[in-house]
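This report refers to the structure that appears directly beneath it.
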Amino acid sequence: GEDVEQSLFLSVREGDSSVINCTYTDSSSTYLYWYKQEPGAGLQLLTYIFSNMDMKQDQRLTVLLNKKDKHLSLRIADTQTGDSAIYFCAERGDSSYKLIFGSGTRLLVRP
Amino acid sequence: EPEVTQTPSHQVTQMGQEVILRCVPISNHLYFYWYRQILGQKVEFLVSFYNNEISEKSEIFDDQFSVERPDGSNFTLKIRSTKLEDSAMYFCASSDLGGFRETQYFGPGTRLLVL
Numbered sequence: 836g837e838d839v840e841q842s843l844f845l846s847v848r849e850g851d852s853s854v855i856n857c858t859y860t861d862s863s864s865t866y867l868y869w870y871k872q873e874p875g876a877g878l879q880l881l882t883y884i885f886s887n888m889d890m891k892q893d894q895r896l897t898v899l900l901n902k903k904d905k906h907l908s909l910r911i912a913d914t915q916t917g918d919s920a921i922y923f924c925a926e927r928g929d930s931s932y933k934l935i936f937g938s939g940t941r942l943l944v945r946p
Numbered sequence: 158e159p160e161v162t163q164t165p166s167h168q169v170t171q172m173g174q175e176v177i178l179r180c181v182p183i184s185n186h187l188y189f190y191w192y193r194q195i196l197g198q199k200v201e202f203l204v205s206f207y208n209n210e211i212s213e214k215s216e217i218f219d220d221q222f223s224v225e226r227p228d229g230s231n232f233t234l235k236i237r238s239t240k241l242e243d244s245a246m247y248f249c250a251s252s253d254l255g256g257f258r259e260t261q262y263f264g265p266g267t268r269l270l271v272l
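Protein chains in written order, with my numbering: chain A, 836 to 946; chain B, 158 to 272.
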């Protein structure tokens, strides 16, 4: 079945770049998303990319998609302490509205 | 900025009791969803709802679950007879467009604890 995998934890120093990786199995994935969850809060949509794109940039965020390897990454430039949160990768196929989520990557930004 | 809201933020109930979780989606959105996240596990899709009917549901969404849009603003999830394993964070989401460019916006969640 469909599956999305992420590494569980990433620690970076403030000001460095963070790269969070995600792999997925569904070759029909058409839409891929990154959500951020801060403690006690809901899932905040950060950015998304469609499968016909390789890259999308949005201010400090860069999403890279390697469709051949089914690999998605989120790069956060100049990481700040406020970026500390759990980041979820999610995918959706063309024939369904349900999002399939990864386990989330906990990003810790050290001062 | 418009947002999805959910009430209550926390609910504690006894096993076998009925609970209703409430959501107010973003006002011009037409598609509505429920997801849940059991502690330590992935966020899982439960159900999607469009045009006053269920458009898709997962295996989790059995006869104990139901959804309703009782008026123009609320979207509810009812669990008829709660089980211990229903303890989870329940997220409501909504989106404005189907298909291309469909992005789901999530509420803050309701943490349900079944004792």
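Backbone N, C-alpha and C fix where the C-beta goes; we use that ideal spot for every residue, glycine too.
| Item | Value |
| --- | --- |
| Backbone CA spacing between V854/A and Q261/B [nearest angstrom] | 24 Å |
| Backbone secondary structure at T916/A - three-state DSSP | helix |
| CB contact check: Y262/B to chain A, cutoff 8 Å | yes |
| Beta-carbon separation (whole angstroms), G937/A vs K199/B, contact threshold 8 Å | 7 Å |
| Simplified DSSP state of Q943/A, which is helix, strand or coil | A small fix is needed here, since residue 943/A is Leu in this sequence, not Gln. It is a strand residue. |
| Min CB distance E213/B to chain A below 8 Å | yes |
| Buried/exposed call for P265/B, threshold 16 Cβ in 10 Å | buried |
| Short CB-CB distance (under 8 Å) between S238/B and chain A | no |
| D243/B, DSSP secondary structure in three states | helix |
| The stretch 163-179 of chain B contacting the stretch 840-857 of chain A, beta-carbon criterion three pairs below 8 Å | no |
| 6 Å CB neighbourhood of D838/A in its chain, flanking five on each side removed | T860 |
| Host beta strand (DSSP E) of R179/B (start-end) | 176-181 |
| 8 Å Cβ cutoff, S863/A in contact with chain B | no |
| Straight-line gap, S930/A to V181/B (C-alpha atoms, nearest Å) | 26 Å |
| Amino acids of chain B, ordered along the chain, whose beta-carbon sits closer than 7 Å to that of K871/A | The contacting residues do not exist; K871/A stays about 11 Å from chain B at best. |
| For F218/B and K903/A, the rounded distance between their alpha carbons | 33 Å |
| Under 7 Å from the C-beta of Y883/A: neighbouring residues of chain B | T260 |
| Entirely enclosed beta strand (DSSP E) segments - the stretch 866-941 of chain A, minimum 3 residues | 878-885, 890-893, 896-901, 906-911, 920-928 |
| Limits of the beta strand (DSSP E) - the one that Q163/B falls within | 162-164 |
| Below-8 Å beta-carbon distance, P165/B vs any chain A residue | no |
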